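For reference, the structure is listed below as structure tokens.
Residue numbers (mature numbering (1 follows the signal peptide of the UniProt record, and there is no 0)): -17 to -1, 1 to 314.
Structural data, given as structure tokens:
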């Protein structure tokens, strides 16, 4: 009888464990694999391992910081460094829907600081395309899948066009893109500008309960760290991940005495929403023509009249603690 009870308890425990795992949030990170994307992906992987965070079920690539061929290789390197080559990698669009701007190569020609890190045992990408995988995984994990975009919205826009039910099946779509227009932020933001029409497709099909936008303007105003802090505090962490990350940002860190990085902030608020101090609801769009192409427009309204939720401010000290705590962990 005692043996039977042990077996019964064991079975029930395992069933509950599997059910909890099924309910656990799953994430996909759609990215263009610059140095900022690398930190964001490392953050998600380490948070999953050491803090029982959401499960990363895939990376999808898109043209942006560098050509998509490099983006794919960079994702392979990131997974290798993080000792997570089990995470599926799906290749996405190598151009924008209509106009593909030339990259400014902020993180170097290869997107990772041109540091020439070489590995001969990288895990190949899956045969399935990024758009197909996004749609399939949204069905497999309906209601528990969060997609975080760190580059242009090409793949997500194509998923919406091919499957109009895609957005509704997601738990949440976090988009790192755009600005809240002001005199200080009067130029287009890079991710939004890289595929203006894709941004338009996504926002035209969005509702504020599904789409959260992290504008770069708000990251710059909320998380205004010095380059010295990035190099001498965060950069002083002695792990394989941070040693690689420092190399990836070698070029970009020379551009300013400030360190204001959009992509890790976007992943951080997706992992830990209580970092957000203030949201605003907006009728959000983007201009597609003329010399204002790529400029975001916002009409702040009550939630019931909005199409997006915007992150307006983030807790700087709590975000800083999160970076230090998570990035101090070993893969």
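Even for Gly, the Cβ is constructed at its ideal location relative to N, Cα and C.
For clarity, every value in this text was computed on a predicted model and none was experimentally measured.
Open item on the list: Which residue wins for smallest C-alpha separation from residue 7, given the options 154, 169 and 239?
Closed with: Here residue 7 refers to the residue found at position 24 of the chain shown. The shortest Cα separation from residue 7 among 154, 169 and 239 belongs to 154.
Task: Spatially closest choice to residue 15 from 137, 123 and 266, by CA coordinates - done: Against the chain shown, residue 15 aligns to sequence position 32. For the residues 137, 123 and 266, the minimum Cα distance to residue 15 belongs to 137.
Open item on the list: Going by the DSSP bridge assignment, what does residue 261 pair with across the sheet?
Closed with: Reading the chain shown from its first residue, position 278 is the one you call residue 261. DSSP, once it has assigned bridges, lists 296 as partnering residue 261.
- [ ] Measuring alpha carbon to alpha carbon, tell me which of 89, 205, 302 and 239 ends up nearest residue 217.
- [x] Indexing the chain shown from 1 puts residue 217 at position 234. The option with the nearest alpha carbon to residue 217 is 302.
Open item on the list: Please state the DSSP three-state secondary structure of residue 159.
Closed with: Here residue 159 is taken as the residue at index 176 of the chain shown, counted from 1. Strand at residue 159.
Open item on the list: Please give the ranges of any beta strand (DSSP E) in the segment 171 to 245, keeping only runs that are unbroken, at least 3 residues long and fully inside the region.
Closed with: Within the segment 171 to 245, the complete beta strand (DSSP E) runs of at least 3 residues are 194 to 197.
Task: Minimum C-alpha distance to residue 257 - residue among 149, 294, 193 and 91 - done: In the chain shown, the residue the question calls residue 257 occupies position 274. Residue 257 has its Cα closest to that of 294, out of 149, 294, 193 and 91.
Open item on the list: Looking at the secondary structure, which residues open and close the alpha helix (DSSP H) in which residue 19 lies?
Closed with: Against the chain shown, residue 19 aligns to sequence position 36. It spans 18 to 34 - the alpha helix (DSSP H) in which residue 19 sits, taken as one unbroken run.
- [ ] With DSSP collapsed to three states, give me the class of residue -10.
- [x] Sequence index remark: in the chain shown, residue -10 carries index 8 (1-based). Low confidence applies here, because residue -10 scores a pLDDT of 48, under 50, leaving its location unreliable; read the following figure in that light. In the three-state reduction of the DSSP assignment, residue -10 falls in the helix class.
Open item on the list: Suppose contacts are defined by Cβ-Cβ distances below 9 Å. Is residue 288 in contact with residue 266 by that definition?
Closed with: Against the chain shown, residue 288 aligns to sequence position 305. Against the chain shown, residue 266 aligns to sequence position 283. Yes, Cβ-Cβ distance for residue 288 and residue 266 is below 9 Å.
Open item on the list: If distances are taken between C-alpha atoms only, which option among 12, 40, 296 and 142 comes closest to residue 181?
Closed with: Your numbering for residue 181 matches position 198 in the chain shown. Looking at the Cα atoms, 142 is the closest of the given residues.
Open item on the list: Tell me the DSSP secondary structure of residue 74 in three-state form.
Closed with: One-based indexing of the chain shown puts residue 74 at position 91. DSSP places residue 74 in strand when its eight states are reduced to three.
- [ ] With a threshold of 16 other CB atoms inside 10 Å of the CB of residue 124, please say whether the residue is buried or exposed.
- [x] Residue mapping note: residue 124 aligns to position 141 of the chain shown, counting from 1. Label assigned to residue 124: buried.
- [ ] Kindly indicate which three-state DSSP category residue -1 falls into: helix, strand or coil?
- [x] Counting from 1 along the chain shown, the entry for residue -1 is found at position 17. Per-residue confidence for residue -1 stands at a pLDDT of 44, beneath the threshold of 50, marking its modelled position as unreliable; the derived number appears in the next sentence. Helix.
Task: Paired residues, beta bridge with residue 129 - DSSP - done: Within the chain shown, the letter at position 146 stands for residue 129. Answer is 10 and 155, bridged to residue 129.
- [ ] Verify whether the separation of the beta carbon atoms of residue 20 and residue 57 is less than 9 Å.
- [x] Position 37 of the chain shown, counted from the start, is the residue given in the question as residue 20. Position 74 of the chain shown, counted from the start, is the residue given in the question as residue 57. In contact: residue 20 and residue 57 (Cβ atoms closer than 9 Å).
Task: Coarse secondary structure for residue 323, derived from DSSP in three states - done: Outside the displayed span of the chain (-17 to 314) sits residue 323, for which this structure offers no information.
- [ ] Would you decide whether residue 219 is buried or exposed? Buried here means 16 or more other CB atoms lie within 10 Å of its CB.
- [x] As a position in the chain shown, residue 219 is number 236, starting the count at 1. By the beta-carbon neighbour count (other beta carbons within 10 angstroms, threshold 16), residue 219 is exposed.
TODO: Give every residue of the same chain whose Cβ lies closer than 7 Å to the Cβ of residue 96, excluding the five residues on either side of it in the sequence, and list them in chain order.
DONE: On the chain shown, position 113 is the one that residue 96 refers to. Excluding residues up to 5 positions away in sequence, 18, 90, 230, 231, 232, 233 and 234 lie with their Cβ nearer than 7 Å to the Cβ of residue 96 in the same chain.
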